[in-house]
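Written out below as structure tokens is the structure these notes cover.
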């Protein structure tokens with residue numbers, strides 16, 4: 012395919028709602044990658060794409076061009092099926108921490124390249140770094156070795172994977188072009204497909220604590236993700252899951268690791284376990300390791316209940332330089348905050364809602380998250396829920412505990428007091444978080 | 012009005028089709044002017060405005076903010092009504108050269124700040140510079156003196172007038188956001204209103220040789236111009252005029268000056284004279300110098316036929332450093348090309364069409380125009396039509412003459428040969444170029 016240079020004609024065509032052909036899209040992404048297209052033209056194109064969209068044909072090529080803008084990992088020497096999961100981000104979303112080792116224990120390889128938290132949603136890398144010594148900056152050779160020997164490794168984005176996405180994302184962030192389905196989908200998929208995986212499960216969160224507030228938007232993103240997966244010849248499933256209340260009980264970093272270890276012990280909150288089992292079952296299914304969804308679920312449940320997943324986690328922590336004693340004595344190894352603030356019920360009633368967005372912002376205000384990419388994370392602080400939606404509460408009962416270092420406490424406490432809706436009438440405990448699965 | 016700083020919220024609002032309030036628009040234009048908003052955000056906003064538009068309320072504020080981004084001339088010491096004309100640009104459009112002196116001879120002041128040519132349409136300043144010694148870079152004091160004493164002065168854009176437009180225009184040019192009605196209208200009006208005028212006539216060209224190809228677009232631009240004029244409390248008329256065939260006989264620089272002097276002698280091509288008289292009559296009308304359009308037309312006709320306009324032109328040339336002998340001996344004073352190429356009819360028939368765009372590009376190829384803003388103009392070269400639409404031609408008859416210096420001749424000649432449509436059936440000579448007048 013001969014590569015035409017980028018020209019204003021391409022920008023004009025998208026501006027007018029036209030269909031960009033393959034050479035035009037590749038010329039744009041090549042110019043984004045090598046820097047030959049200046050920021051002001053890239054941002055004009057981003058706004059045009061935001062407002063005009065990309066049709067399915069354009070979307071597949073766009074994501075493929077982004078994916079090929081850098082290195083694509085060659086995991087050919089790993090015999091097992093290679094499968095990953097990506098979440099669009101939630102509050103208390105520690106699923107990767109228990110899911111990846113549990114699924115690896117079921118015989119597939121999980122080469123997981125993950126992100127950091129920003130705003131109200133935490134990042135898997137930040138949570139892992141709560142474990143003393145844990146390194147997420149392994150080079151590609153060590154990453155592949157680790158996936159090959161243990162079945163799983165969790166590292167951060169390298170400079171060589173999908174560099175076009177890094178430039179596009181930085182510009183989207185400052186030009187009000189973040190919330191675009193094709194741009195989000197191609198950003199996610201370019202990074203994930205560069206991992207050299209065979210199959211992917213996307214956890215597309217919807218609700219007050221998620222990036223997508225409306226089910227329609229989540230479905231549109233799911234569809235765009237599948238269009239890209241299909242164009243790339245990869246099996247991709249999307250689970251749309253509820254993100255109105257925080258996931259599990261812990262929101263922070265060290266406390267989320269603790270909860271993930273509980274799940275790996277066959278315990279932990281029901282919803283954290285449900286997400287782990289369902290997403291894990293789906294991963295085994297799309298990877299072709301099982302023939303039915305039910306079989307996949309049963310395999311992951313067994314990995315949790317037998318401790319097989321926990322053993323993989325122990326080896327993973329050790330391989331990535333972390334203190335593996337965290338598996339047996341998490342409270343003793345993980346950092347602890349010097350003080351705890353309690354949020355108590357002012358009246359009797361039933362917990363009707365817990366606002367995940369408010370909880371996320373509260374944890375972030377304490378130092379568990381970042382407002383800017385260069386903020387430092389405090390791994391010890393956060394929020395531990397003491398009640399769930401549907402629970403009965405009496406006056407003075409503890410609703411949540413907040414390990415803190417005084418910083419940001421006033422604002423966080425105010426947010427947390429307002430995060431709980433207590434009703435007079437009984438409230439049904441929510442059922443499954445899984446809204447629908449698109450295969 | 013307190014000025015909020017520019018924020019992504021403003022960009023997001025326009026992106027989503029919202030109405031920007033006055034403070035938001037002023038914050039954006041202020042940030043464009045002082046450079047605090049980076050190029051990539053300005054260009055994202057330009058694309059959002061391109062695709063979402065500006066409603067009438069936004070448009071008036073946007074143009075006003077641009078106008079006030081720099082100096083606004085104070086012509087208070089000039090007692091006469093101050094009125095200007097602006098053309099959206101055509102091929103062979105030398106109207107300002109004969110119009111401005113003729114209208115000034117009728118007792119109004121014409122403080123005309125003009126532009127240079129780019130692409131296929133020439134610029135008034137380039138044409139004036141064909142007169143040896145003519146200076147278009149007078150400072151503001153001398154400009155006002157000249158308007159005060161002679162009634163007219165023609166200079167180039169200064170760095171102090173509407174600086175926001177300069178930055179926006181430069182970015183529009185490289186981000187495919189030129190062809191936007193609100194952006195065009197606010198660009199024109201911010202510069203014109205900064206002249207300190209009381210009233211304005213816009214010559215909005217439509218046709219193959221014009222920027223606007225469709226009457227609907229011309230009407231939309233006319234309407235936007237009037238919205239801005241109304242918001243600024245200025246009387247603004249718009250004439251929509253035909254730009255399918257070149258205006259008059261000359262397309263170039265020196266040859267256009269020659270044609271303008273012919274018109275100022277009461278002669279010249281009928282269409283060049285018609286545009287001068289009709290636009291001039293309208294200028295006198297919107298300036299309040301006459302009470303009817305017919306009276307305005309009669310006054311301008313008299314200024315041409317009596318030589319009064321020519322005398323103003325003579326004084327203007329002298330005041331701006333040019334060789335005033337050009338008035339009496341244009342052919343002797345204006346630069347001449349060393350060679351002339353003739354385009355001849357290959358068959359007998361009737362001239363059905365002359366493609367203004369092709370003629371404009373041909374003249375530009377010879378050196379009469381520029382492709383890039385730093386190209387040098389050759390004032391002596393160009394195209395002189397020898398026939399008009401409706402004329403009968405016989406085989407071998409000269410259709411056009413092209414004074415040239417060999418540069419670009421082959422391409423220009425090929426364009427010119429294809430520019431004429433010769434039909435077997437008689438063709439009616441076109442009537443008025445005035446399509447409609449919006450007041």
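Chains as they are written, first to last, in our numbering: chain A, 12 to 450; chain B, 12 to 450. Here a beta-carbon is modelled for each residue, glycine too, at the ideal position from N, C-alpha and C. Since this is a predicted model, take the numbers as computed values, not measurements.
Measure the beta-carbon distance from residue i to residue j and round it to whole angstroms, keeping in mind my assumption that it falls under 8 Å.
{"i": "residue 257(B)", "j": "residue 60(B)", "result": "With a Cβ gap of about 33 Å, residue 257(B) and residue 60(B) do not count as contacting."}
{"i": "residue 182(A)", "j": "residue 22(A)", "result": "Contact doesn't hold; Cβ gap of about 14 Å is too wide."}
{"i": "residue 122(A)", "j": "residue 84(A)", "result": "7 Å"}
{"i": "residue 138(A)", "j": "residue 120(A)", "result": "The Cβ separation is near 22 Å, so there is no contact."}
{"i": "residue 223(B)", "j": "residue 211(B)", "result": "About 18 Å; that fails the 8 Å criterion."}
{"i": "residue 220(A)", "j": "residue 102(A)", "result": "4 Å"}
{"i": "residue 290(B)", "j": "residue 110(B)", "result": "6 Å"}
With burial defined as no fewer than 16 other Cβ atoms inside 10 Å of the residue's Cβ, what is the status of residue i: buried or exposed?
{"i": "residue 317(A)", "result": "exposed"}
{"i": "residue 331(B)", "result": "buried"}
{"i": "residue 283(A)", "result": "buried"}
{"i": "residue 437(B)", "result": "exposed"}
{"i": "residue 271(B)", "result": "buried"}
{"i": "residue 12(B)", "result": "Any reading at residue 12(B) must be qualified, since the residue scores a pLDDT of 49, below 50, and its modelled position is unreliable; the value itself is stated next. It counts as exposed."}
{"i": "residue 246(B)", "result": "buried"}
{"i": "residue 186(B)", "result": "buried"}
{"i": "residue 20(B)", "result": "exposed"}
{"i": "residue 35(B)", "result": "buried"}
{"i": "residue 28(A)", "result": "exposed"}
{"i": "residue 237(A)", "result": "buried"}
{"i": "residue 281(B)", "result": "exposed"}
{"i": "residue 440(A)", "result": "exposed"}
{"i": "residue 326(B)", "result": "buried"}
{"i": "residue 343(B)", "result": "exposed"}
Give me the chain A residues within the contact set of residue i, using Cβ-Cβ distance strictly less than 7 Å, ordered along the chain.
{"i": "residue 50(B)", "result": "50 and 51"}
{"i": "residue 61(B)", "result": "26"}
Under three-state DSSP, which class holds residue i?
{"i": "residue 23(B)", "result": "helix"}
{"i": "residue 125(A)", "result": "strand"}
{"i": "residue 17(B)", "result": "coil"}
{"i": "residue 101(B)", "result": "coil"}
{"i": "residue 89(B)", "result": "coil"}
{"i": "residue 352(B)", "result": "strand"}
{"i": "residue 132(B)", "result": "strand"}
{"i": "residue 362(A)", "result": "strand"}
{"i": "residue 3(B)", "result": "As shown, chain B starts at 12 and ends at 450. That puts residue 3(B) outside it, with no answer to give."}
{"i": "residue 263(A)", "result": "strand"}
{"i": "residue 300(A)", "result": "coil"}
{"i": "residue 313(B)", "result": "helix"}
{"i": "residue 274(A)", "result": "helix"}
Do residue i and residue j have their C-beta atoms closer together than 8 Å?
{"i": "residue 51(A)", "j": "residue 180(B)", "result": "no"}
{"i": "residue 148(A)", "j": "residue 166(A)", "result": "yes"}
{"i": "residue 392(A)", "j": "residue 377(A)", "result": "yes"}
{"i": "residue 334(B)", "j": "residue 144(B)", "result": "yes"}
{"i": "residue 125(A)", "j": "residue 449(A)", "result": "no"}
{"i": "residue 381(B)", "j": "residue 372(B)", "result": "no"}
{"i": "residue 136(A)", "j": "residue 127(A)", "result": "yes"}
{"i": "residue 357(A)", "j": "residue 406(A)", "result": "yes"}
{"i": "residue 105(B)", "j": "residue 267(B)", "result": "yes"}
{"i": "residue 204(A)", "j": "residue 265(A)", "result": "no"}
{"i": "residue 400(B)", "j": "residue 363(B)", "result": "yes"}
{"i": "residue 435(A)", "j": "residue 298(A)", "result": "no"}
Starting from the beta carbon of residue i, find every residue of chain B whose beta carbon is closer than 7 Å, and list them in chain order.
{"i": "residue 287(A)", "result": "Going along chain B, no residue has its Cβ under 7 Å from residue 287(A), so there is no contact; the nearest lies around 36 Å."}
{"i": "residue 438(A)", "result": "Those within 7 Å of residue 438(A) in chain B number zero; the least Cβ separation is about 35 Å."}
{"i": "residue 194(A)", "result": "In chain order: nothing, as chain B lies at least about 13 Å away."}
Which residues in chain B sit within 8 Å of residue i, going by Cβ to Cβ distance?
{"i": "residue 57(A)", "result": "55"}
{"i": "residue 188(A)", "result": "26 and 55"}
{"i": "residue 23(A)", "result": "187"}
{"i": "residue 179(A)", "result": "Per Cβ cutoff of 8 Å: no residues; residue 179(A) is ~12 Å from chain B at best."}
Consider the C-beta atom of residue i and the heavy atoms of the ligand GTP; say whether any pair is separated by less than 7 Å.
{"i": "residue 36(B)", "result": "Annotation note on the ligand GTP: not contained in the displayed structure, which lists no ligands."}
List, in chain order, every chain B residue whose beta-carbon is nearer than 9 Å to that of residue i.
{"i": "residue 412(A)", "result": "Simply none; closest approach about 35 Å."}
{"i": "residue 182(A)", "result": "51 and 55"}
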